[in-house]
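Protein chains: 2
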Amino acid sequence: MKAEEEKKHISEEEFLKNYDPSEFERPSVTVDNVIFSIFETKTGNYRKNPEQNLYLLLIKRGEHPFINNWALPGGFVRINESVEESAYRELKEETNLDDLYMEQLYTFGNVERDPRMRIISTAYMALIKPENIELKAATDASAVSWFKLTYEFLDNGKFNIKLDNGETVLNAGLIFDNEERGENRIKIAESGELAFDHAKIIGYALMRLRNKIEYTNLVFNLMPEYFTLTELQKVYEIILGKELIKANFRRKIKDLVTETEKFSDEAGHRPSRLFKFNSKVSDI
Amino acid sequence: MKAEEEKKHISEEEFLKNYDPSEFERPSVTVDNVIFSIFETKTGNYRKNPEQNLYLLLIKRGEHPFINNWALPGGFVRINESVEESAYRELKEETNLDDLYMEQLYTFGNVERDPRMRIISTAYMALIKPENIELKAATDASAVSWFKLTYEFLDNGKFNIKLDNGETVLNAGLIFDNEERGENRIKIAESGELAFDHAKIIGYALMRLRNKIEYTNLVFNLMPEYFTLTELQKVYEIILGKELIKANFRRKIKDLVTETEKFSDEAGHRPSRLFKFNSKVSDI
DNA sequence: TCAAAAGTGTTCTTAGTACACCCATGT
DNA sequence: ACATGGGTGTACTAAGAACACTTTTGA
Chain A
1 MKAEEEKKHI SEEEFLKNYD PSEFERPSVT VDNVIFSIFE TKTGNYRKNP EQNLYLLLIK
61 RGEHPFINNW ALPGGFVRIN ESVEESAYRE LKEETNLDDL YMEQLYTFGN VERDPRMRII
121 STAYMALIKP ENIELKAATD ASAVSWFKLT YEFLDNGKFN IKLDNGETVL NAGLIFDNEE
181 RGENRIKIAE SGELAFDHAK IIGYALMRLR NKIEYTNLVF NLMPEYFTLT ELQKVYEIIL
241 GKELIKANFR RKIKDLVTET EKFSDEAGHR PSRLFKFNSK VSDI
Chain B
1 MKAEEEKKHI SEEEFLKNYD PSEFERPSVT VDNVIFSIFE TKTGNYRKNP EQNLYLLLIK
61 RGEHPFINNW ALPGGFVRIN ESVEESAYRE LKEETNLDDL YMEQLYTFGN VERDPRMRII
121 STAYMALIKP ENIELKAATD ASAVSWFKLT YEFLDNGKFN IKLDNGETVL NAGLIFDNEE
181 RGENRIKIAE SGELAFDHAK IIGYALMRLR NKIEYTNLVF NLMPEYFTLT ELQKVYEIIL
241 GKELIKANFR RKIKDLVTET EKFSDEAGHR PSRLFKFNSK VSDI
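Listed in order, the protein sequences are those of chains A and B. All residue numbers for the first sequence refer to the UniProt record's numbering, where the first residue is 1 and numbers rise by one. All residue numbers for the second sequence refer to the UniProt record's numbering, where the first residue is 1 and numbers rise by one.
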C-alpha cells in the first residue's frame with residue numbers, strides 16, 4: 001500500500017495468505033425491506049376524489065419461527081454481494097421493479113432478536129411509485145400482500161400501528177423511551193402477529209419517512225409522473241398524520257413542481273391541473 | 001407463539017433444535033467509532049480567547065493490512081453482545097468514558113472494503129465532552145491519537161478533510177456523487193494514509209454532525225457543564241464551517257440554555273456569563 | 001488607553017399560519 | 001342547482017439575516 005510497508009518483515013500479500021477468517025464466531029447478517037407505496041381507492045360518490053392510503057408490503061411466513069405471522073421481505077446477505085445489493089436484490093424479487101428509491105434505515109443488532117441464532121439485520125426503507133406496482137405472485141407457498149398502514153400517537157410516548165390487507169388486521173404497539181439509546185429507543189409493547197422485531201423496524205421506517213418528508217423531496221418517489229396538487233397534499237397529510245391548509249401547502253411546494261398543460265378530467269368537479277416534479281434534493 | 005402454530009406438524013421448539021446455523025456462509029461484522037471532541041488551545045495574546053477545534057480519535061495500525069496507517073477505533077462484534085454494546089465496549093476501551101453520546105451512523109457493506117475477508121461494519125458516531133477526556137495509554141504497540149480535523153468544500157462535489165495530530169498530517173479527499181445510491185454516494189478520491197474505507201466513514205460522520213447540529217441538541221454533548229455563549233457559538237461555527245452573527249445566534253439558542261450566576265474571569269476583556277444546557281431533544 | 005470580547009437593540013426580509021373567497025365541473 | 005374540489009388573495013405572526021452600537025475587562 002505505502003512504501004514504508006514494504007520494509008516490514010512480512011508483506012501485506014503474505015499476511016493475507018496466512019489470515020484465518022474463521023478465527024471469530026460470526027453472527028449472520030440479513031437485510032429487511034420496509035417497502036412503502038401509496039394506492040388510491042375509488043369512492044362511491046362520483047364527485048369525490050379517490051381515497052389515498054399508505055401501504056406496506058409484508059410476507060406471510062411459511063416456516064418456523066413465527067410461522068403464519070407476517071414479516072418484512074428480506075433475506076441473508078450473500079458473501080459476494082454488498083449489503084445494498086442484497087437489499088436491492090430482495091426488493092426486486094418481491095416487487096419486480098427497477099424504478100424505486102431505497103435508503104438504509106438502521107442496523108438492528110440485539111442479541112435475542114431472532115430465536116434461531118444470532119442475526120444482525122440491516123433494514124432499508126423503499127418507496128415505490130403506485131403506477132409501477134406489478135406484484136409478483138406469491139412464491140414458495142408464502143403469501144405476499146400489501147397492507148394499508150394507519151397509525152396514531154398516544155399520550156405517553158405510545159404509538160399504535162394498524163395494518164390491514166382486507167383479510168387480516170395487524171395491530172402493533174410501540175413505545176418511545178428517551179432514556180434508552182439507539183435501537184432500544186423504541187420498544188415493542190404489542191407485536192400483533194408481526195414476526196421478529198419487525199414492528200419496531202416498521203416504527204423506525206415510519207418515523208424516518210415522517211421526518212424526511214419535511215426537509216427532502218422523498219415524496220417524489222411515491223408519486224406518479226403526473227399528479228394534481230391535491231393528490232400531492234394528501235400524500236403529505238397521510239404521512240404527517242395531520243391536515244394541511246391548501247393555500248399554504250401550495251406556496252410551500254411551488255418550487256418543487258412544474259406546471260404542465262395536462263388536466264385531470266373524470267371528476268364531478270372542476271378539472272385539476274397536473275404537475276411534475278422538477279428536481280431532486282440530496283439526502284444523506 | 002400463537003395458538004395456531006401448535007397445530008402444525010412440528011413445534012417451534014422442535015424446529016429450533018434441528019436448525020443448522022452453519023447453512024449460510026457468513027460475513028464478519030465489526031463496529032467502527034468516529035469519536036469527536038472539542039479541545040481548546042491557549043493563544044499567545046492575553047486578550048484573545050483560546051482557540052477551539054474539532055478533534056477526532058484515530059489509532060495507528062500495528063498490523064497488516066494497512067500497517068502504519070491510521071484507522072478508526074473498532075473491532076469485531078462478539079456473538080453474545082448487541083452491535084450497540086459492541087460499539088460501546090470498544091469506545092470505553094479507547095476512551096475510558098461513561099458520559100458520552102453515541103449514535104449509529106451507517107452500515108458499510110461493500111464487498112471489497114476489507115482486503116482480508118468479507119467484513120460488514122456498522123459505524124457509530126460518538127461525541128464526548130472535553131472536560132471528560134482521559135485518554136488511555138496506547139495499547140498493544142499501536143498508538144492512539146487525537147487529530148485536529150478541518151475540512152473544506154470545493155466546487156464540484158469534492159470535499160477535503162485534513163487531520164493533524166501535531167506529528168502527522170493526513171489529507172483525505174472525498175467526492176459526492178448524487179447519481180449513486182447509499183454507501184457509494186460518497187467516494188474516496190484520496191485516502192491519505194487512512195486505513196480501509198475509513199475516510200469515507202469520517203466523511204459520513206462529518207455530514208451527519210453538520211446536519212444534526214442544526215435541528216437537534218447534539219452540541220450539548222461536546223460542551224462542558226458550564227460554558228460561555230461565545231464558546232458555544234464557536235463550536236457551531238467549527239462544525240458548520242461558517243461564521244455566525246452573534247446577536248442572531250444568541251436569539252436562536254436562548255431557549256436551550258439557562259443563565260447561571262457564574263462568570264468566566266481570567267481574560268483581558270469583559271467577563272462572560274456562564275450558561276448550562278437545560279433540556280434534551282429527541283433525535284431519531 | 002485600548003484591543004478583545006461581552007452583550008443588546010433596530011430594521012428589513014422571509015417563511016409560516018389562518019382564513020376567506022371565487023371558479024368549474026358532471027350529474 | 002349543488003356538492004365537491006380547484007385555485008387565489010389577504011392579513012397577521014414568527015423566524016431569520018444584517019448591522020450598529022455600548023459595556024467591561026487586564027495589562
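Every residue, glycine too, gets a C-beta built ideally from N, C-alpha and C.
- From the beta-carbon of A:Tyr106, the residues of chain B found nearer than 9 Å are Gln104 and Thr107.
- Contact check for B:Gln233 and B:Leu244: beta-carbon distance about 6 Å, within the 8 Å limit, so the pair qualifies.
- For A:Glu103, the number of other beta carbons within 10 angstroms of its own is at least 16, and it is reported as buried.
- Contact of B:Thr122 with chain A by beta-carbon distance below 9 Å involves Thr107, Gly109, Ile120 and Thr122.
- By the Cβ criterion, the stretch 36-45 of chain A is not in contact with the stretch 104-120 of chain A, since fewer than three pairs of Cβ atoms, one from each stretch, lie closer than 8 Å.
- Two segments are said to touch when three or more pairs of C-beta atoms, one from each, lie closer than 8 Å; by this definition the stretch 86-101 of chain A does not touch the stretch 189-196 of chain A.
- Secondary-structure assignment with DSSP links A:Asp32 through a beta bridge to A:Gly74 and A:Ala123.
- Boundaries for A:Ile245: no beta strand (DSSP E) harbours it, and the DSSP string shows neither H nor E there.
- Excluding its 5 nearest sequence neighbours in each direction, B:Val83 has C-beta neighbours in its own chain below 6 Å: Val77 and Thr122, listed in chain order.
- The contact set of B:Ser82 on chain A, defined by CB atoms closer than 8 Å, consists of Gly109, Asn110, Val111 and Glu183 in chain order.
- In the three-state reduction of the DSSP assignment, A:Lys148 falls in the strand class, which pools E and B.
- For B:Arg26, the neighbours in chain A by C-beta distance under 8 Å run, in chain order, Arg26, Pro27, Ser28, Val29 and Ile79.
- One thing to note: A:Val169 has its Cβ no nearer than 8 Å to the Cβ of A:Ala87.
- Per DSSP, B:Val219 is not a residue of any beta strand (DSSP E), being assigned neither H nor E.
- Around the Cβ of A:His64, a 10 Å sphere holds 16 or more other Cβ atoms; the residue is buried.
- Going by DSSP, A:Ala87 is part of no beta strand (DSSP E) but of the alpha helix (DSSP H) stretching over Val83 to Thr95.
- Counting along the chain, the unbroken beta strand (DSSP E) around B:Leu100 starts and ends at Leu100 to Phe108.
- Per DSSP, reduced to three states, the secondary structure at B:Ala189 is strand.
- Cβ contact annotation for A:Asp177 (same chain, cutoff 8 Å, sequence separation greater than five): Gly157, Asn184, Arg185, Ile186 and Lys187, in chain order.
- A distance of 8 Å or more separates the beta carbons of B:Thr230 and B:Arg273.
- According to DSSP, residue pairing for B:Thr41 in a beta bridge involves B:Glu51.
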